[in-house]
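The UniProt record's numbering puts the first residue of the sequence shown at 1, with every later residue one more than the last.
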Amino acid sequence: MTTTIDFLSHLNPSQRQAVEHYCGPLLVVAGAGSGKTRALTYRIANLILKHRVDPENILAVTFTNKAAREMKERIQKLFAEQLAMKEHGQRFDLLTEYEQTKLRSQVWRTYIKDLWCGTFHSLFSRILRFDIEKYQDEKGRRWNRNFSIFDESDAQSLVKEIVTKQLNLDDKKFEPRSVRYAISNAKNQGFSPQEFEREQPNYRGRVIADVYSRYQDKLAENNALDFDDLILIPTKLFQQNEQVLGYWHRKFRHILVDEYQDTNRTQYDLIRLLVTNGEDRKSEWEWQNRSVFVVGDADQSIYSFRMADFTILLEFQNDFGDGLPDEDTRTMVKLEENYRSCENILQAANELIENNTQRIDKVLKPTRGAGEQIYCHKADDELEEADFVIRQIRTLEHQNPEVNWGSFAILYRTNAQSRPFEELLVKNQIPYTVVGGIKFYDRKEIKDVIAYLRAIANPADTVSLLRVINTPRRGIGKATIDNLINAAQQLGTTLWEIISDETSVNTLAGRSAKAVNNFAAMISNYQEQIANLPVSELLMGLLEESSYVQDLQNQGTDEAEDRIQNVQELYNATLQFQEENEDVSLTAFLQSAALSSDLDNLKEGQTAVSLMTLHASKGLEFPVVFLVGLEQGLFPNYRSMNDPAALEEERRLCYVGITRAQERLYLSFARERRLYGSREPALRSQFLDELPEELLTTKSKILQVYTKIPATSNGKQNTTQNWQVGDKVLHKTFGIGEITHVFGSGNKISVAIKFSSLGQKIIDPRVAQLQKI
Ligand code: ATP
Ligand code: MG
1 MTTTIDFLSH
11 LNPSQRQAVE
21 HYCGPLLVVA
31 GAGSGKTRAL
41 TYRIANLILK
51 HRVDPENILA
61 VTFTNKAARE
71 MKERIQKLFA
81 EQLAMKEHGQ
91 RFDLLTEYEQ
101 TKLRSQVWRT
111 YIKDLWCGTF
121 HSLFSRILRF
131 DIEKYQDEKG
141 RRWNRNFSIF
151 DESDAQSLVK
161 EIVTKQLNLD
171 DKKFEPRSVR
181 YAISNAKNQG
191 FSPQEFEREQ
201 PNYRGRVIAD
211 VYSRYQDKLA
221 ENNALDFDDL
231 ILIPTKLFQQ
241 NEQVLGYWHR
251 KFRHILVDEY
261 QDTNRTQYDL
271 IRLLVTNGED
281 RKSEWEWQNR
291 SVFVVGDADQ
301 SIYSFRMADF
311 TILLEFQNDF
321 GDGLPDEDTR
331 TMVKLEENYR
341 SCENILQAAN
351 ELIENNTQRI
361 DKVLKPTRGA
371 GEQIYCHKAD
381 DELEEADFVI
391 RQIRTLEHQN
401 PEVNWGSFAI
411 LYRTNAQSRP
421 FEELLVKNQI
431 PYTVVGGIKF
441 YDRKEIKDVI
451 AYLRAIANPA
461 DTVSLLRVIN
471 TPRRGIGKAT
481 IDNLINAAQQ
491 LGTTLWEIIS
501 DETSVNTLAG
511 RSAKAVNNFA
521 AMISNYQEQI
531 ANLPVSELLM
541 GLLEESSYVQ
551 DLQNQGTDEA
561 EDRIQNVQEL
571 YNATLQFQEE
581 NEDVSLTAFL
591 QSAALSSDLD
601 NLKEGQTAVS
611 LMTLHASKGL
621 EFPVVFLVGL
631 EQGLFPNYRS
641 MNDPAALEEE
651 RRLCYVGITR
661 AQERLYLSFA
671 RERRLYGSRE
681 PALRSQFLDE
691 LPEELLTTKS
701 KILQVYTKIP
711 ATSNGKQNTT
721 QNWQVGDKVL
731 HKTFGIGEIT
741 HVFGSGNKIS
751 VAIKFSSLGQ
761 KIIDPRVAQL
771 QKI
């Protein structure tokens, strides 16, 4: 393989310095879009290609699994390019498909396969598959390498079982979710059950400590680990066993971490152990063939609620720079050019973040043109906001051949905000994905509540009945339910016929008979009222009577809060449905909800609009970004309104959102928003006022063009214009050009135009307002 590393020419001098850094610690700090992730990726390639580092000696930590996949793909591409030059003397993209495939698989076999690249959880569970048998906890418990990983819901079921079955306690008082949350916090702070009890020497503290201790027993009995263990056990194992640590320390000579500002203490401990082999300091000599390379931006630290701590980033040089002369220049590189966003977007982001006091000032210079102004839209309400966004997306997609659905992202503060957007996207048949989350109608709480409504509308729907019969828990156990199902099967009737008959229930349901009867009475009561009650009221009554929301409130966790917001959003959906439809029956509502969730899964290679929370958008970029719901109390979130530190974190989140945009940024807020069912006036977010006025506009050129297109999905307008090859035309944005091809006709016409400055573009002439000249 050639040693001239061509891809280094894709980098600026500071990036190059970072990428060519070979050994020792290095911190790359820089603002958003300055090529930190690119530098990290290229550095891996450089280590392997130039310094001949074996890929298996590299550990690269990314923030999401998706980011890990993308990083591997990019490295594969860089390698394939190098190989193409060497083996064929040609650029990779000019090779035949066969040659490209061959090179790719060669790259995979030789390099990528052995590279350890992934999230903290995925990487360290892999380490445990090798070494967990050498670990024993303080009570002598052991695991074997086939351990299962219990996700959050498994972990909570375990807690529930302990609370209700082993300790015979009321799980309303000791709600499994909040007990699990307390245990998780204790574990992450390194508290054993005894230490936890010492910290909280009251009744609740004692009980939780007891549950915690039994929970650990149960995990061990099941040969299982929870998510916290995947980080904590390797840490303890490394501290316990010098040989194990020594092995991984020698193996991972080069450690790289992306998004270092969102690392928490336990994750940091792991990295530090691996780098230093548990010693206090490293001498210069010891750094001779190893490195730790971290990249981050303290202004993008947005996970403090998961214990992330950006002082870890600020401390990096002290931590690892020990024993090295001339700390600053040798252990830190700053990147100061932003390659992602047009200047206006960047300037807005920079000015916004300057309002934070807890930060270190840094430079971020634009490398791209000014671009368009940032469009700020004041919507009447949340529905009009969604309508505005979807119309913009449709227009831009119609008008610009280089734009596809994947060019767009809609970013919001809370999950519940996705519903109006999702519904309109479905109506317009625009493919979309919810990144890092679940589509609204697929969320557990929405499925639960819809199941209640279905069971009421259609008592024969046993699947729905079973979903809700003990949700929230009302003491109807599995054995009872099996009895009831059995009886229904034997008699050839529906489950509902059995449970709605008191005598049968009394015979079959044993101790749970009362609970089953109450449940049946509630359902049949609503069945009788279907005709008189609007869906919204029926839903409201049901949520209360079933204690569904109450149950969530008792849990008191952030996740439960999120679920409550989603259920409230479903209530908003019923109100909206009633306003918009003639047939407002329960069945009609259920049908519309079913259709709202009915979107084919994305086909391979299909592009889609991305919807996600601001938290999930970290590290990503999109040509067009819509940042929606910029209202006081929503974003910034109401919990941060009286808490300066929390407000600064909200501002960092806004900074993250703005800096996702490459070409175009839309900010929107509504004058009023339906919250908890009633329309509340809303105030525009203070973040909007912190942006420089001259960068914002309220007039969208695009929208003016769009008004000529009807808003239906097949609504391209016919035109009588007859386009021919050779016609000279004037395009509003691209200027003068000449038609080189005409594809299709009538409704399906498009034309290829050669513009003198821009080259060839394919355009829909009816949308683009093309004029013959
Ligand atoms: P974030 O803080 O959002 O994670 P980042 O600093 O990791 O951003 P990257 O995602 O690596 O930034 O880069 C942003 C964009 O700039 C990418 O599209 C990347 O390909 C491009 N880019 C990075 N460096 C250069 C360069 N030297 N020349 C041209 N484009 C570059
Ligand atoms: Mg990045």
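Yeah, the Cβ is synthetic: ideal placement off N, Cα and C, and Gly gets one too.
Quick caveat, the model's predicted, so the values are computed rather than measured.
So what does VAL435 bridge to, in DSSP terms?
-> Counted from its first residue, the sequence shown places residue 435 at position 435. None, per the DSSP bridge assignment.
Cβ neighbours of ILE456 in the same chain (closer than 8 Å, five flanking residues each side left out) = Your numbering for residue 456 matches position 456 in the sequence shown. Closer than 8 Å at the Cβ level, and outside the excluded window around ILE456, lie ILE523, TYR526, GLN527, ILE530, LEU538, LEU542, LEU586.
If you draw a straight line from the alpha carbon of GLN156 to that of PRO176, how long is it in whole angstroms?
-> What you label residue 156 is simply residue 156 of the sequence shown in a count that begins at 1. What you label residue 176 is simply residue 176 of the sequence shown in a count that begins at 1. Between GLN156 and PRO176, the C-alpha separation is close to 6 Å.
Roughly how many angstroms lie between the CA atoms of SER213 and ALA593, to the nearest whole one?
-> Within the sequence shown, residue 213 is the residue found at index 213, counting from 1. Within the sequence shown, residue 593 is the residue found at index 593, counting from 1. Between SER213 and ALA593, the C-alpha separation is close to 44 Å.
Residue range of the beta strand (DSSP E) that includes LEU115 = Residue mapping note: residue 115 aligns to position 115 of the sequence shown, counting from 1. Segment: none, LEU115 is in no beta strand (DSSP E) and carries neither H nor E.
Any non-hydrogen atom of the ligand ATP within 7 Å of GLN15 CB = Counting from one through the sequence shown, the residue named residue 15 turns up at place 15. For the ligand ATP, at least one heavy atom lies less than 7 Å from the Cβ of GLN15.
Return helix, strand or coil for CYS342, following the three-state DSSP convention.
-> Taking the sequence shown and counting its residues from 1, the one referred to as residue 342 is at position 342. In this structure, CYS342 counts as coil in the three-state DSSP scheme.
For ASN714, is the classification buried or exposed, using 16 other Cβ atoms within 10 angstroms of its Cβ as the cut-off for buried?
-> Here residue 714 refers to the residue found at position 714 of the sequence shown. The pLDDT assigned to ASN714 is 34, lower than 50, so where the model puts this residue is not dependable, and the model offers no usable value.
Is the closest heavy atom of the ligand ATP to the C-beta of TYR339 under 7 Å?
-> The residue you call residue 339 lines up with position 339 of the sequence shown. For the ligand ATP, at least one heavy atom lies less than 7 Å from the Cβ of TYR339.
Boundaries of the beta strand (DSSP E) in which residue 776 is found, first to last residue = The requested residue 776 is not part of the displayed model; the chain covers only 1 to 773.
Any heavy atom of the ligand ATP closer than 7 Å to the CB of ASN350?
-> The residue given as residue 350 occupies position 350 in the sequence shown. Not so, every heavy atom of the ligand ATP lies at least 7 Å from the Cβ.
Closest by CA to VAL163, which one among ARG142, ILE208, GLN106?
-> Start at 1 with the first residue of the sequence shown, and residue 163 comes out as number 163. Looking at the Cα atoms, ILE208 is the closest of the given residues.
Would you mind sorting ASN46 into buried or exposed? The rule is 16 or more other CB atoms within 10 Å of its CB.
-> Sequence index remark: in the sequence shown, residue 46 carries index 46 (1-based). By the neighbour-count rule (16 or more Cβ atoms within 10 Å), ASN46 is buried.
Tell whether a beta-carbon distance below 8 Å holds between GLN771 and VAL742.
-> By 1-based counting over the sequence shown, the position of residue 771 is 771. By 1-based counting over the sequence shown, the position of residue 742 is 742. No, the Cβ-Cβ distance between GLN771 and VAL742 is not below 8 Å.
For the ligand ATP, any of its heavy atoms closer than 7 Å to the Cβ of ARG473?
-> Residue 473 sits at position 473 when you count from the first residue of the sequence shown. Remark: the shortest separation between the CB of ARG473 and any heavy atom of the ligand ATP does not fall under 7 Å.
In three-state terms, what does DSSP make of LEU335?
-> Position 335 of the sequence shown, counted from the start, is the residue given in the question as residue 335. Reduced to three states, the DSSP call for LEU335 is strand.
Would you mind working out which of GLY406, ARG419, ASN428 sits nearest ILE390, comparing C-alpha positions?
-> Translated into the one-based positions of the sequence shown, residue 390 becomes position 390. Out of GLY406, ARG419, ASN428, ASN428 has the C-alpha closest to the C-alpha of ILE390.
Would you call the segment 400-410 and the segment 614-631 touching, i.e. three or more CB-CB distances under 8 Å?
-> yes
Could you tell me whether any non-hydrogen atom of the ligand ATP is closer than 7 Å to the CB of GLN300?
-> Residue numbering aside, residue 300 sits at position 300 when the sequence shown is read from its first letter. The answer is yes for GLN300.
Relative to the alpha-carbon of LEU424, which residue among MET85, GLU384, THR493 has its alpha-carbon at the smallest distance?
-> As a position in the sequence shown, residue 424 is number 424, starting the count at 1. Answer by Cα proximity: GLU384.
Roughly how many angstroms lie between the CA atoms of PHE589 and GLU502, to the nearest whole one?
-> Taking the sequence shown and counting its residues from 1, the one referred to as residue 589 is at position 589. Taking the sequence shown and counting its residues from 1, the one referred to as residue 502 is at position 502. Between the alpha carbons of PHE589 and GLU502 lies a distance of about 31 Å.
What is the rounded straight-line gap between the Cα of residue 777 and the Cα of GLY246?
-> In the structure as shown, the chain begins at 1 and stops at 773. Residue 777 is therefore absent and cannot be evaluated.
Host beta strand (DSSP E) of THR613 (start-end) = Numbered from its first residue, the sequence shown carries residue 613 at position 613. 609-613 is the span of the beta strand (DSSP E), which, as asked, contains THR613.
Answer yes or no: do SER756 and GLY726 have a C-beta to C-beta separation smaller than 8 Å?
-> Within the sequence shown, residue 756 is the residue found at index 756, counting from 1. Within the sequence shown, residue 726 is the residue found at index 726, counting from 1. Not in contact: SER756 and GLY726 (Cβ atoms no closer than 8 Å).
Could you tell me how far apart the beta carbons of ARG91 and THR41 are, in whole angstroms, since I believe they sit closer than 8 Å?
-> Residue 91 sits at position 91 when you count from the first residue of the sequence shown. Residue 41 sits at position 41 when you count from the first residue of the sequence shown. About 20 Å; that fails the 8 Å criterion.
Cross-strand partners of GLN771 (DSSP beta bridge) | As a working note, residue 771 is residue 771 in the sequence shown. Looking at the DSSP output, GLN771 sits in a beta bridge with LEU730.
For THR712, does the count of other Cβ atoms within 10 angstroms reach 16, so buried, or fall short, so exposed?
-> In the sequence shown, counting from the first residue as 1, residue 712 sits at position 712. Note that THR712 scores a pLDDT of 30, beneath 50, so its modelled location is shaky; the value from the coordinates is reported in the next line. Classification of THR712: exposed, given that the 10 Å Cβ count is below 16.
Confirm, please, whether the CB-CB distance from ALA32 to LEU26 is below 8 Å.
-> The count along the sequence shown starts at 1 and reaches residue 26 at position 26. The count along the sequence shown starts at 1 and reaches residue 32 at position 32. No, these two residues do not count as a Cβ contact at 8 Å.
Return the first residue and the last residue of the alpha helix (DSSP H) that ILE312 is part of.
-> Here residue 312 corresponds to residue number 312 of the sequence shown, with the count starting at 1. Element bounds for ILE312: 311-314.
Any chance the CB of GLU621 is under 7 Å from a heavy atom of the ligand ATP?
-> Taking the first residue of the sequence shown as position 1, residue 621 is located at position 621. Because some heavy atom of the ligand ATP lies under 7 Å away, the Cβ of GLU621 counts as near it: yes.
May I ask whether a heavy atom of the ligand MG can be found less than 7 Å away from the beta carbon of residue 774?
-> As displayed, the chain neither begins before 1 nor continues past 773, which places residue 774 out of reach and without an answer.
Contact set for TYR111: own chain, Cβ-Cβ below 7 Å, skip 5 residues either direction = If you number the sequence shown from 1, residue 111 lands on position 111. Closer than 7 Å at Cβ, skipping near neighbours: ILE48, PRO55, PHE79.
Would you decide whether ASP297 is buried or exposed? Buried here means 16 or more other CB atoms lie within 10 Å of its CB.
-> One-based indexing of the sequence shown puts residue 297 at position 297. Around the Cβ of ASP297, a 10 Å sphere holds 16 or more other Cβ atoms; the residue is buried.
Selection from PHE147, THR462, PHE174 that minimises the alpha carbon distance to ASP226 | Sequence index remark: in the sequence shown, residue 226 carries index 226 (1-based). The residue with the shortest Cα to Cα distance from ASP226 is PHE147.
With a threshold of 16 other CB atoms inside 10 Å of the CB of GLU242, please say whether the residue is buried or exposed.
-> As a position in the sequence shown, residue 242 is number 242, starting the count at 1. Counting Cβ neighbours within 10 Å, GLU242 comes out exposed, since fewer than 16 surround it.
State yes or no: is the C-beta of VAL295 within less than 8 Å of the C-beta of PHE320?
-> Taking the first residue of the sequence shown as position 1, residue 295 is located at position 295. Taking the first residue of the sequence shown as position 1, residue 320 is located at position 320. Between VAL295 and PHE320, the C-beta gap is not smaller than 8 Å, which leaves the two residues out of contact.
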